[in-house]
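Here's the structure we're looking at; comments come further down.
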Amino acid sequence: MTTLLHDTAPDFDQPIAVLKHCHGRIRKQLATLDKLLVHLPEHGADEQARQAASAVLKYFDKAAHLHHEDEEQDLIPMLRAVAQGEDAATLQALAPVILQDHKDMDALWQDLHEQLNLVAEGGAAALSASAVQRFVQRYTAHMEREESVIAPMAMRLFSSEQMARLGAAMKQRRGLGGETDKPSVGQSVADLRKDYGQASLTEEDVLDDPMLQFTQWFEQALKAEVNEPNAMSVATVSSEGRPSSRIVLVKQFDERGFTWYTNYDSKKAQDLRDNKFAALLFFWSELERQVRIEGRVERTLDEESDRYFRSRPLKSRLSAIASHQSAPIASRAALEENYETVARQAGEDPPRPANWGGFRLIPDRIEFWQGRRSRFHDRIVYERQADGSWTRQRLQP
Ligand SMILES: Cc1cc2nc3c(=O)[nH]c(=O)nc-3n(C[C@H](O)[C@H](O)[C@H](O)COP(=O)(O)O)c2cc1C
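Numbering-wise (this note's numbering), the sequence shown opens with residue 1270 and increments by one.
Written as structure tokens, this is what we have:
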């Protein structure tokens, strides 16, 4: 067995070269694994074998994970933000494969890790040939995928500023950023700049009925597995004209409007008693989409609220009964005491309390926003006419 010499890595101002260099090191570790397979039956877990096993362990336990994180957290999201047309389609097909490769390779590594640990400690002198082969083959195919498609795409699409950003993130991940050139969070917020470019929205793309258009986008958000697709901001305005907003979960949407459930004594409910107009906002960042909805709000029918309340898990029902939402309370302990009291008294099927139920916003304005490159976004807004029909027009970004 030969000891591997350390090679010089390129600098982080060439991040794609750094990633390719990592592949070179992975290939060397994979070659060491192959050599160990031959070496162990002949020589046992001798000093050379133990050292080789330790080196492979060290590399795949730490460095390989950093390399995967570079791709998952920086390279692929940055590519997603700039790829257009054929590149975007290629990426959409390939990115899930790469992420799955990472998971599968991690699982295959776990198996090898145990065996190598024993070799490194001199406690065993064998490795499973099939486990090594599976691991080597998977990594090799994975690296070829990245080198033939992802790396050239990044070289083609990234500006020098984007390359510098990628390199800085990779450097930071390895603790090499240096405190002096690290901006404070307050400063760096201004530098959080993402160029949107996944899709476009034209007058011809959108459906005549904005609720059907919303349904289509919602289904796409579900399919894209965006984080909390049903979370929306609800903005209300108090009797003094003071706005406030909070997140709630939309529980139903149809031709009648958008429904959520809450406490009728809460702050938002008080606002809605004084001013029936509200605004909803969905932001599906993964799809670079926002939907703004305005209209008047009414309570859902009691039967509808009853039906939904009954469908909730018992503990959620008990929480709704126990909480006087938006009212102050002395401590968490007092809150939990209220819950315990309700839980003791309420039985297995507590009815909906009168101060809990649904609100439905009946929209008269719905705007669909699709992020585009260089802040030149697409906006199509629908407005409901007196006869119930909808008109639509494009707004400037
Ligand atoms: C993800 C998420 C989902 C929420 N869903 C609801 C909901 O469906 N209903 C609700 O009353 N509050 C929900 N809340 C809590 C509200 O944001 C808010 O704290 C609460 O309704 C009290 O608001 P108010 O005092 O302005 O009335 C949710 C909060 C988050 C972060």
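In this text, a Cβ means the ideal position worked out from N, Cα and C, and glycines have one as well. Because the structure is a prediction, the values reported are computed rather than measured.
Worksheet item: Is the beta carbon of R1525 less than 8 Å from the beta carbon of I1631?
Response: Yes, the Cβ-Cβ distance between R1525 and I1631 is below 8 Å.
Item to complete: Answer with buried or exposed for M1424, where buried requires no fewer than 16 other C-beta atoms within 10 angstroms of its C-beta.
Response: So M1424 ends up on the exposed side.
Worksheet item: For ligand 1, is there a heavy atom less than 7 Å away from the beta-carbon of T1528?
Response: Not under cutoff, so the answer is no.
Worksheet item: Which word fits G1466, buried or exposed, when buried means at least 16 other C-beta atoms lie within 10 angstroms of its C-beta?
Response: With 16 or more Cβ atoms within 10 Å of its Cβ, G1466 is classed as buried.
Worksheet entry | Beta-carbon spacing of I1285, A1420 below 8 Å | Yes, they are a contact pair.
Discussion item. So, at 8 Å on beta carbons, what are the nonlocal neighbours of Q1283 in its own chain, with the 5 sequence-adjacent residues on each side left out?
Written reply: Here the set comprises M1432 and G1436.
Practice prompt. Please list, in chain order, all residues of the same chain as A1314 whose beta carbon is under 6 Å from its beta carbon, the five residues on each side excluded.
Written response: So the qualifying residues of the chain are V1388, G1391 and A1394.
Worksheet item: Relative to the alpha-carbon of S1658, which residue among P1512, G1293 and R1634 has its alpha-carbon at the smallest distance?
Response: With distances taken between Cα atoms, S1658 lies closest to R1634.
Fill in: Secondary structure of D1373, DSSP reduced to three states
Here DSSP, grouped into helix, strand and coil, assigns D1373 to helix.
Item to complete: Starting from E1524, follow the beta strand (DSSP E) in both directions and report where the run begins and ends.
Response: E1524 -> no beta strand (DSSP E), and no H or E assigned at all.
Item to complete: Using only the heavy atoms of ligand 1, determine whether one of them is closer than 7 Å to the beta carbon of L1258.
Response: Absent from the structure is residue 1258, since the part of the chain shown begins at 1270 and ends at 1666.
Worksheet item: Looking at T1569 and ligand 1, is the gap between the Cβ and the nearest heavy atom below 7 Å?
Response: No, since every heavy atom of ligand 1 falls outside the 7 Å radius drawn around the Cβ of T1569.
Discussion item. Suppose contacts are defined by Cβ-Cβ distances below 8 Å. Is T1505 in contact with N1544 by that definition?
Written reply: Going by C-beta atoms, T1505 is nearer than 8 Å to N1544.
Worksheet item: Would a C-beta distance cut-off of 8 Å place R1349 and M1374 closer than the cut-off?
Response: No, they are not a contact pair.
Item to complete: Starting from the Cα of R1403, find the closest Cα among L1377, K1289 and R1586 and give me that residue.
Response: The shortest CA-to-CA distance from R1403 to any of L1377, K1289 and R1586 is the one to L1377.
Discussion item. Rounded to whole angstroms, what is the Cα-Cα separation between A1655 and D1478?
Written reply: Cα to Cα, the separation comes out at about 15 Å.
Item to complete: Alpha carbon to alpha carbon, how far is E1573 from S1502? Give it in angstroms, no decimals.
Response: Between the C-alpha atoms of S1502 and E1573 there is a straight-line separation of about 22 Å.
Worksheet item: Going by DSSP, which residues form a beta bridge with A1504?
Response: In the DSSP output, where bridge partners are listed per residue, A1504 has S1514 and A1548.
Worksheet item: Out of curiosity, what's the CA-to-CA distance linking K1536 and A1547?
Response: K1536 and A1547 have their alpha carbons spaced roughly 13 Å apart.
Worksheet entry | From A1332, D1618 and S1514, residue whose alpha carbon lies closest to that of L1288 | Comparing Cα positions, the closest option is A1332.
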